Amino acid sequence: MTSRGIRRPSAADLAASGYGANIDARYINRELSWLDFNERVLSLATTAQVPLLERFRFLAISGSNLDEFYQVRVAALHDQIAAEITEKSADGLTPHQQRRAISARAQRFAAAQERLLSHDLFPSLAREGIRVLRWARLGKRAKETLTADFENRIFPILTPLAVDPSHPFPYISNLALNLAVMVRDTDSGDERFARVKVPRNFPRFVSVPDSDDFILLEDLIEAHLDQLFPGMEIVSVSRFRVTRNADLTFIDEDAEDLLAAVEMELRRRRFGRAVRLEVQSNIPDAVLARMCSELELEPVDVIRHESFLELSALNQLANLARPALRFTPWPAVTAGRLAAASEAGKSMFEVIRSRQLLVHHPYESFSSSTETFVEQASRDPKVLSIKMTLYRTSGDSQIARHLIHAAEAGKQVAVVLELQARFDEARNVSWARELELAGVHVNYGLVGLKTHAKCILVVREEAGGIRRYVHVATGNYNSVTARIYEDIGFFTCEEAVGRDATQLFNYLTGFGREPEYQQLIVAPHQLKREIIRLINHEATFGSAGRITLKLNAVQDPEVIDALYAASAAGVKIELIVRGICCVRAGVTGLSENITVRSVLGRYLEHSRIYRFAHGHDGDEPLHLIGSADLMIRNLAGRVEALVRLTHPKHRAWLDTVLSFLLDDANVHFRLGADNSWTQVGEHNTPNDAQRQLHEWVVATQLR
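Take the sequence shown: its position 303, counting from 1, is numbered 515 in the working numbering, and each next residue is one higher.
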């Protein structure tokens, strides 16, 4: 077993920036904790045991993650600063201080990304016979062919935009790659700035003829700038990119037509305030100063790159058809009881009626479980109604198609569709229109709350009367992400859960006070209170108490304080947190009994599992799954739902999952008392929790 540190402690980073005295030692800053997470993602790209093209993919993910972070989180800090808000975060930092600390970290992070790409990944790819070449290194024949391609297909769509007294500084679209060109008139000596946008509808990596090599699209354009500026001298060329505020939280949710309001804000989003300027380090000072002035940005908002901008484009290389350089696929299996039912010609309703069903994606197929459940409900003449929540779905969603079919067949179909699922707003607007046209009752949830719960309710008329079938999940109803996101789905026809689900949908679509639930724990009114109650209850058992939480994020200060109090009472607390974690671990006098680890791999750990060793009555453990993380936004600003799992086999399954993730021999990242993360073990080896879980699931189904 090996271990290695992957970053400096956050406290040291802040102290180096002059902010150390402001830190509230109980909490880790949310934004800096997210940057810690992205550094963990980047570490997967540095690991030699990970196949080469997958390393490119992890590097691309780290880049797109950072883009989203700036579009949302840093944009929010800009808004606070513009509004002269000086309120400190839970850890004691002002918006200005957070912005400066983020900038310093982001600049170091960008340098680490570029070193990895230029000194490791590109050379490794070249050893596999695939090179990314500069124009000067191409042969005469390749240059001639690429020049002809440029003139025929690329040159006609390029638009050089010069800046002079009659041409104002052009609008720079969000995340677009651009060339900043300084040109000189050889007769008058006048110099002008011009912007050339690199088109997005061409591959970023252009194939070099008769080879496996590539040239960057921007290199090809730069080599032919004389055709864009005939008779001019090219003084300098630098690449740059602007990131803008892309959040839609300013939507007026009291608008008479929320759907139209979201569509309007989507059109406005492309004109959001600039929050980051990425530039090639060779950019002339005067050009940079002009751009900062026009974009209303300060030096703290500028990130310098030596060469490569827009790392998300590396996905093109990660998708190359070179199986030896990719992960060996782990095909999903059909859950054993569903496979047996299919062979016997039985429906999922018969399977669920005989016993509750638990499925684990992507190890077990999303298509043969969740999609099949909705499909069978849409076609079954005994099904009277289908209700479900939709937060994020795919562009060609089979589930949405099944709902449309059900509505067209005369069934009562209702969908609570979240229009403001960040970066999926346009897709959800499109589905809202199509569902409504088919006769589906489309509702957009409650004013001021995002509907994040994952739930399906199917009402079926059977011999004994009406029966309700319910699906509660940890992940979105999205067939694309279901292949790479680790999630859990639970199917039941238990009457108490059916009543709760009915009340939940009535609350979301109707008008009235939120009810009390028997089996579901629902945010925003009950969930936080109940979680804190369960933590406090476990604390009464002292050193015999144990809390295990698997989450995407932990941030809510009141919940964190409850965990600290339980730790002080002797409770052993094990947190498995993929992303943001504001809890401090193993700190003397604060959290001696709290451990925090993060597990990353080929799948994105997305399920939420809550385990309390003494449960409600203290006699047996309590297991909960659902959609909620322990963040302020989840507990106070969203509709979330957790469900209790009661069947011994399901609880044993969750315990097995947790045992793989908590095995110290398996690769993981561990949070230290100094707020630093240390990697233990190596990825893509037998000591991999995801690999072991996949092998266990396959063996379980084949028994």
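We treat Cβ as the ideally placed atom computed from N, Cα and C, and that holds for glycine. From a predicted model like this one, the values you see are computed outputs, not experimental measurements.
Count the CB pairs spanning the segment 623–631 and the segment 647–661 that are closer than 8 Å, and state whether there are at least three.
yes
Using the Cα positions of L763 and K352, report the straight-line distance between them to the nearest angstrom.
56 Å
On the premise that I744 lies in contact with I785, defined as a C-beta separation below 8 Å, what is that separation, rounded to the nearest angstrom?
That pair is no contact at about 14 Å.
Helix, strand or coil at S229 according to DSSP, with G and I counted as helix
Legend: pLDDT at S229 = 39, less than 50; position of this residue unreliable, no value from coordinates given.
Buried versus exposed, by CB contacts within 10 Å (16 or more), V909:
Its Cβ being crowded by 16 or more others within 10 Å, V909 is buried.
Can you tell me which residues form a DSSP beta bridge with F881?
S810, Q891
First and last residue of the alpha helix (DSSP H) that includes C504?
497–507
What is the DSSP secondary structure of A354, counted as helix, strand or coil?
The answer is helix: DSSP assigns A354 an H, G or I state.
Does DSSP put H862 in a helix, in a strand, or in coil?
helix
Exposed or buried, which one is Q738 when buried takes at least 16 other CB atoms within 10 Å?
buried
Pull up the distance between the alpha-carbon of Q902 and that of H573, whole angstroms please.
Those two C-alpha atoms are separated by around 12 Å.
Based on DSSP bridge pairs, tell me the residues matched to S450.
A392
What's the call for Q730, buried or exposed, on a 16-neighbour Cβ count within 10 Å?
exposed
Using C-beta distances below 7 Å, list every residue in its chain close to N899, excluding the 5 sequence neighbours before and after it, in chain order.
Cβ neighbours of N899 within its own chain (closer than 7 Å, five residues either side excluded): A877, N878, V879, G893.
Mind checking whether H835 and R863 have CB atoms under 8 Å apart?
yes
Could you round the C-beta distance between Y689 and I564 to whole angstroms and report it? I think they count as a contact, below 8 Å.
Between I564 and Y689 the Cβ distance is about 18 Å, and since that is not below 8 Å, they are no contact.
Continuous beta strand (DSSP E) stretch holding I515: start and end:
514–517
In angstroms with no decimal places, state the Cα-to-Cα distance between M213 and N887.
Any reading at M213 must be qualified, since the residue scores a pLDDT of 42, below 50, and its modelled position is unreliable; no value is offered.
Thinking C-beta only, is A735 closer than 8 Å to N846?
In this structure, the beta-carbon distance from N846 to A735 falls below 8 Å.
If we ignore side chains and look at the alpha-carbon of each, how far apart do Q891 and G798 end up?
17 Å
Whole angstroms is fine: what's the gap from L247's alpha carbon to L350's?
39 Å
With burial defined as no fewer than 16 other Cβ atoms inside 10 Å of the residue's Cβ, what is the status of S609: buried or exposed?
buried
Given a cut-off of 8 Å, decide if L387 and T455 are closer than it, judged by their beta-carbon atoms.
yes
Beta-carbon separation of S577 and V545 under 8 Å?
yes
Is it right to say E555 is buried, meaning 16 or more other beta carbons lie within 10 angstroms of its own, or is it exposed?
exposed
Among A533, L523, N241, which has the Cα closest to the Cα of R327?
L523
Residue from D497, V512, L526, F268 with nearest C-alpha to L489
V512
C-beta atoms of F362 and L256 nearer than 8 Å:
Going by C-beta atoms, F362 is not nearer than 8 Å to L256.
Over the uninterrupted beta strand (DSSP E) stretch that includes N527, give me the two end residues.
Run containing N527: none in the beta strand (DSSP E); it sits in the alpha helix (DSSP H), 527–530.
Quick check on L857: buried or exposed, where buried means 16 or more other Cβ atoms within 10 Å of its Cβ?
buried
Is it buried or exposed for T398, if we count other Cβ within 10 angstroms and need 16 for buried?
Label assigned to T398: exposed.
Under the three-state DSSP convention, the category P221 falls into
Low local confidence applies: a pLDDT of 39 at P221 is under 50, so the model's placement there is unreliable, with the coordinate-based value given in what follows. P221 falls in the coil class under three-state DSSP.
Is it the case that the Cβ atoms of T663 and T601 are separated by a distance below 8 Å?
yes
Tell me the rounded alpha-carbon separation between I792 and T807.
Approximately 15 Å between the Cα atoms of the pair.
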